[in-house]
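To start, the structure itself, in structure tokens.
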Amino acid sequence: MSRNLVAENWRLERSRYLLVGNKCTECEKYYFPNVQICTDCNISKLDEYVFSGKGKLIEWTKIYEVAKGFELFAPLYYGIIELEEGVRVAAQITEVTDDTKLIPGIKTQMVFRKLFEDGSQGVLTYGFKAEPQI
Amino acid sequence: MEQNKDTSLTKVGILGYGVYIPKYRISVNEIANTWSDDGPLMSKSINVTEKAVPALDEDTITISVMAVRNSLLRANISPVDIGAIYVGSESHPYAVKPSAVTVAEAIGATPVMTASDLEFACKAGTAGMQMCFGLAKSDEIKYGIAIGTDTAQGRPGDQLEYTAGAGGCAFVLGKGKLIAELEGMYSYTSDTPDFWRREGATYPSHAGRFTGEPSYFKHTLSAAQGLMQKIGIKASDVDRLSLHQPNGRFPISAAKKLGIPYEKLEDALCVVKVGNTYSAASMIGLARHLDKAKPGERIMCVSYGSGAGSDAFSFVVTDEIEEVRNNAPDTDYYINKKEMLNYAIYAKHRRKIKMD
Ligand SMILES: [Zn+2]
Chain V
121 MSRNLVAENW RLERSRYLLV GNKCTECEKY YFPNVQICTD CNISKLDEYV FSGKGKLIEW
181 TKIYEVAKGF ELFAPLYYGI IELEEGVRVA AQITEVTDDT KLIPGIKTQM VFRKLFEDGS
241 QGVLTYGFKA EPQI
Chain S
3 MEQNKDTSLT KVGILGYGVY IPKYRISVNE IANTWSDDGP LMSKSINVTE KAVPALDEDT
63 ITISVMAVRN SLLRANISPV DIGAIYVGSE SHPYAVKPSA VTVAEAIGAT PVMTASDLEF
123 ACKAGTAGMQ MCFGLAKSDE IKYGIAIGTD TAQGRPGDQL EYTAGAGGCA FVLGKGKLIA
183 ELEGMYSYTS DTPDFWRREG ATYPSHAGRF TGEPSYFKHT LSAAQGLMQK IGIKASDVDR
243 LSLHQPNGRF PISAAKKLGI PYEKLEDALC VVKVGNTYSA ASMIGLARHL DKAKPGERIM
303 CVSYGSGAGS DAFSFVVTDE IEEVRNNAPD TDYYINKKEM LNYAIYAKHR RKIKMD
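So the sequence lines, in the order shown, correspond to chains V and S.
Taking my numbering, the leading residue of the first sequence gets 121, the next gets one more, and so forth.
Taking my numbering, the leading residue of the second sequence gets 3, the next gets one more, and so forth.
Below is the structure:
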């Protein structure tokens, strides 16, 4: 265990589980992860917003030499997803069995998956991953 | 119906249902080839052609969340009105730390609610349904969610390996806009050691042929017959039947013994294509009936959990079903969305290969 996953998971679980960000009450700009102040209006009046999880693939990469703890999952696919609300999110791409089909622009849907297992004794980390809709 | 003498305020039932089945499959033939068994003969004798296998990043918690999200697409209720969440499974990822809390958090139902993980072999999901119905009927909660999910493991080469599948099913239960009204429920329970897994053991053990007559059939049939007697119906009054399906043979024999024709069971027999989904099996069968049922039809669902017990339910489908049915993917979407694995990749998926 290299970092304090318990605290990190607990702090981030709402945004990771529910895809919760926020939306500026003035200019209606969406944010994920959530922010304290809207960078466009400089105001702090933002409402919590649950993203639908629908989006499209902008770009992706494939990682063969994975970090410790991810060996079973190699190769890992990471991508930039643009949610239908216009916000871009970095996410692991799951269910890739043929990466020739990972063409930028394809539709994606955020699904609930296990993100990390801290060995055989530590906590499990859950959250969203992007599933290509192909 | 004698149960419906009361006003509609006391009626409880199903408001929404959701299924999730992982997309990977391994065929009975492929498993048989690995162990030099006769694949076609095995497949025929258990009436299963392939079984669902979870992705490496899927477990009982993730499958439950996906099923619950589908159930909420149909129920159209606010998650904050959910007062109870029960996850029934024999494959909870943690020995200590509830799956139900992660499911509750992932749908925004926390914190004013109760949650618990249930365990009763393959009937823990229906035990959760009973608890939700009880709480909703007594107005302790507005809505409850009962989930049956498993990512079952069979010892390599064992008979169980051919059938141990993966899948989940969730029901939103309570009063309100019911898609199926509960007519009654009935349970039958005894200490019958047909199947078990000790704490810390990776694979379960079973008592071979002892898993048939004195266990599956005795409990399933007693619960079904007890329920019919309790609510005053005959076998011919049942339009649709879902039974627990440890293989593709047992439920067919049980339906026959109940005097209910195969055609009324057929839509529930998902085991042939996805294997035994344990806690989810009879519930997915019920869900697939709801995918197809017409208003007014009576569905009987009987679970079976080794150890042993059966929970039987009778529902009458309402007109509301047509409104919500297409709000989420149906069971066939998940049955047909599949990718076949060979035994080596399957072994990796099921962590049968030790990494340390
Ligand atoms: Zn703004």
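From the three backbone atoms N, C-alpha and C, an ideal C-beta is built for every residue, glycine too.
Judged by the Cβ position, Glu-146 of chain V qualifies as a neighbour of ligand 1 at the 7 Å threshold, a heavy atom of the ligand being closer than this. Under the criterion of beta carbons closer than 8 Å, Leu-177 of chain V and Lys-143 of chain V do not qualify as touching, at roughly 23 Å. Contact between Val-274 of chain S and Thr-51 of chain S holds: their C-beta atoms lie close to 6 Å from each other, under 8 Å. Under the Cβ criterion (8 Å, minimum of three pairs), the stretch 188-201 of chain S counts as touching the stretch 217-225 of chain S. Interface flag for Leu-132 of chain V against chain S is unset, since no Cβ pair is found closer than 8 Å. Against chain S, the beta carbon of Leu-138 of chain V has neighbours under 9 Å at Glu-107, Ala-108, Ile-109 and Gly-110, listed in chain order. Scanning the stretch 288-348 of chain S for uninterrupted alpha helix (DSSP H) segments of 4 residues or longer gives 323-326 and 333-338, listed from N- to C-terminal end.
The Cβ atoms of Pro-253 of chain S and Leu-271 of chain S lie closer than 8 Å to each other. Per DSSP, reduced to three states, the secondary structure at Arg-208 of chain V is strand. Of the heavy atoms belonging to ligand 1, at least one sits nearer than 7 Å to the Cβ of Asp-160 of chain V. For Pro-195 of chain S, there is no enclosing alpha helix (DSSP H), as DSSP gives it neither H nor E. With contact defined as three or more Cβ pairs closer than 8 Å, the stretch 230-249 of chain V and the stretch 196-216 of chain V are in contact. Sequence-ordered contacts of the stretch 59-75 of chain S with chain V read Asp-59, Glu-60, Asp-61, Ile-63, Thr-64, Val-67 and Met-68 [C-beta pairs closer than 7 Å].
Each residue's CA atom was taken as its position, placing Ser-244 of chain S and Ala-282 of chain S some 12 Å apart. Buried is the label assigned to Arg-300 of chain S, since at least 16 other Cβ atoms lie within 10 Å of its Cβ. Using a CB distance cut-off of 8 Å, Leu-192 of chain V counts as an interface residue toward chain S.
Around the beta carbon of Asp-219 of chain V, fewer than 16 other beta carbons lie within 10 angstroms, which makes this residue exposed. Using a Cβ-Cβ distance cut-off of 8 Å, the stretch 314-321 of chain S and the stretch 177-185 of chain S are in contact, since at least three pairs of beta carbons, one from each stretch, lie closer than that value. Boundaries of the beta strand (DSSP E) harbouring Gln-229 of chain V: 227-237, taken from the DSSP string. Boundaries for Gly-141 of chain V: no alpha helix (DSSP H) harbours it, while the beta strand (DSSP E) harbouring it runs 140-144, taken from the DSSP string. If you check each beta-carbon in the stretch 215-246 of chain V against every beta-carbon of chain S, the ones closer than 7 Å belong to Glu-215, Thr-217, Val-231, Phe-232, Arg-233, Lys-234, Leu-244 and Tyr-246.
For Ser-255 of chain S, the CB contacts under 8 Å within the same chain, skipping 5 residues up- and downstream, are Phe-219 in chain order. When C-alpha distances from Glu-251 of chain V are compared across V:Tyr-151, V:Gly-239, V:Val-243 and V:Leu-222, the shortest belongs to V:Leu-222. Contact between Arg-242 of chain S and His-291 of chain S holds: CB atoms are separated by about 4 Å, below the 8 Å threshold. When the Cα atoms are used, Tyr-169 of chain V and Thr-116 of chain S turn out to be separated by approximately 25 Å. Taking 8 Å as the cut-off, the beta carbon of Val-304 of chain S is found closer than this to the beta carbon of Ala-225 of chain S. The three-state secondary structure of Val-126 of chain V, taken from DSSP, is helix. In this structure the stretch 34-44 of chain S does not touch the stretch 330-342 of chain S; the number of beta carbon pairs closer than 8 Å is below three.
Rounded to the nearest whole angstrom, the CA to CA distance from Gly-242 of chain V to Asp-269 of chain S is 42 Å.
Apart from sequence neighbours up to five positions away, the residues of its chain that approach Phe-193 of chain V with a beta-carbon distance below 7 Å are Val-186, ordered along the chain. The CB of Ala-57 of chain S comes closer than 8 Å to the CB of Thr-214, Glu-215 and Arg-233 in chain V, given here in chain order.
At a cut-off of 8 Å, the C-beta of Glu-341 of chain S has a neighbouring C-beta in chain V. Across the set S:Ala-346, S:Glu-325 and S:Asn-344, the C-alpha of S:Glu-325 shows the shortest separation from the C-alpha of Asn-78 of chain S. In this structure, S:Asp-59 is the residue among S:Asp-59, S:Arg-251 and S:Gly-228 with its C-alpha nearest to the C-alpha of Thr-245 of chain V. Here the distance from the Cβ of Ile-109 of chain S to the nearest heavy atom of ligand 1 is not below 7 Å.
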